[in-house]
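The sequence shown begins at 3 in my numbering and counts up one residue at a time.
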Amino acid sequence: MISLATDHGWRLEQVLSANSVPTLVTQQPLRMAPGTHATITADLLLADDTNDPPAQLLFSVVTAPQQGTLDPTEAFTQAALESETVIYTHTGTEGDSFSFLLSDGKDHVGPFLFQIEIDQPPTLAQNMGWRCPWAARQRSTRRN
Numbered sequence: 003m004i005s006l007a008t009d010h011g012w013r014l015e016q017v018l019s020a021n022s023v024p025t026l027v028t029q030q031p032l033r034m035a036p037g038t039h040a041t042i043t044a045d046l047l048l049a050d051d052t053n054d055p056p057a058q059l060l061f062s063v064v065t066a067p068q069q070g071t072l073d074p075t076e077a078f079t080q081a082a083l084e085s086e087t088v089i090y091t092h093t094g095t096e097g098d099s100f101s102f103l104l105s106d107g108k109d110h111v112g113p114f115l116f117q118i119e120i121d122q123p124p125t126l127a128q129n130m131g132w133r134c135p136w137a138a139r140q141r142s143t144r145r146n
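Encoded structure:
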């Protein structure tokens, strides 16, 4: 607080507040099946700022994903994450990531890396065949 006083009894007081820097509170990887699309939500990516609302917290993409696409492509807000309108579509064969800066319009922090993990479907390691006479019953074991 700044306080000024004159010899004539006039007094002026002004409260100054500094801008707080936005912080990244939560950053969890997105896990999804290959070739699908998924929503990036505030449960996975959450920013906070004590003096700015979610609509003013901007995630600016620095390095775009290489194995898929992000919509919106260049930037999105914390409010968009909370309304579940940020979509990643996987089009490649591997996991993915993108980097971003976080800003409140005055200060920015980062870059940060958001990871996208692709769950690979199970594969058959060895097929040894199974012979069973017609109309007979046979128990399935590790050997057959």
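Here a beta-carbon is modelled for each residue, glycine too, at the ideal position from N, C-alpha and C.
Quick caveat: nothing in here was measured; it's all calculated off a predicted structure.
Original post:
For alanine 20, does the count of other Cβ atoms within 10 angstroms reach 16, so buried, or fall short, so exposed?
Top reply: exposed
**OP:** Return the Cβ separation of isoleucine 89 and threonine 41 in integer angstroms, given the expectation that the two are a contact with Cβ distance under 8 angstroms.
**Re:** 6 angstroms
Original post:
How long is the line joining the alpha carbons of glutamine 140 and asparagine 129, rounded to whole angstroms?
Top reply: 17 angstroms
Original post:
On the three-pair Cβ rule with 8 angstroms, is the segment 105–120 touching the segment 81–88?
Top reply: no
**OP:** Would you mind working out which of Pro56, Val23 and Leu104 sits nearest serine 62, comparing C-alpha positions?
**Re:** Leu104
Original post:
Which residues mark the beginning and the end of the beta strand (DSSP E) in which glutamate 119 is found?
Top reply: 110–120
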